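*Asks:* Mapped onto numbering that gives the first Met the number 0, the consecutive letters of the sequence shown carry residue numbers 0 to 124.
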Amino acid sequence: MSPQDERTWGAISHAGAVVAMICSAGFLGFIASIAVYVIHKDRGPFVRAHAANSINIQISMFIWLVVATVVYVVLGVLTLGIGFLVLLPIFLVPLVVAGVLHVIGAVKAYNGEWWNPPLTPAFVK
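(1) From GLY15 to VAL65, what distance separates their C-alpha atoms?
(2) So what's ALA121 in DSSP terms, helix, strand or just coil?
(3) If MET0 and GLY98 are in contact, beta carbons under 8 Å, what's the gap, nearest whole angstrom?
(4) For LEU27, collect the residues of the same chain with a Cβ closer than 7 Å to its Cβ; drop the 5 residues on either side in sequence, then sort them by chain order.
(5) If you draw a straight line from the alpha carbon of ALA50 to that of LEU79, how long is it in whole angstroms?
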């Protein structure tokens with residue numbers, strides 16, 4: 000695979016995740032990331048690294064959403080339902096952060112830059 004193709008597929012792994020997140024309200028963003036990783040992981044280290052980073056962002060977002068759900072339910076019950084209305088935007092934070100990280104990752108991949116996203120452990124390498 001040529002370096003330009005690696006950069007393009009690295010960018011697609013991030014951009015595809017953003018498109019899938021938008022089309023599925025944040026639930027299916029991992030599909031594009033996993034597809035690029037499975038198909039292109041052996042074709043070059045650059046595309047493998049960016050596809051893995053994209054999956055790691057999605058895994059981190061899922062963990063953040065689980066934590067947000069627990070906080071939402073606990074505080075909603077403790078405030079006798081008022082917290083359910085007030086804390087509803089808490090679910091947007093992980094989605095927005097993941098979207099921003101994917102956009103940054105897509106730009107960096109297309110420019111040929113190696114990048115490790117902040118706030119995301121390396122679950123997939």
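Every residue gets a Cβ at the ideal spot worked out from N, C-alpha and C, and that includes glycine.
Computed from a prediction, not measured in an experiment: that's the story for all the values here.
*Replies:* So, from the data block:
(1) As a first step, residue 15 must be located in the sequence shown, where it is residue number 16. As a first step, residue 65 must be located in the sequence shown, where it is residue number 66. Each residue's Cα considered, the two are about 23 Å apart.
(2) For the purposes of this step, residue 121 is identified with residue 122 of the sequence shown, where counting begins at 1. It is coil, neither helix nor strand.
(3) The sequence position of residue 0 within the sequence shown is 1, counting from 1. The sequence position of residue 98 within the sequence shown is 99, counting from 1. About 27 Å; that fails the 8 Å criterion.
(4) In the sequence shown, residue 27 corresponds to position 28, counting from 1. Excluding positions up to five away in sequence, the list reads ALA19.
(5) The sequence position of residue 50 within the sequence shown is 51, counting from 1. The sequence position of residue 79 within the sequence shown is 80, counting from 1. Between ALA50 and LEU79, the C-alpha separation is close to 43 Å.
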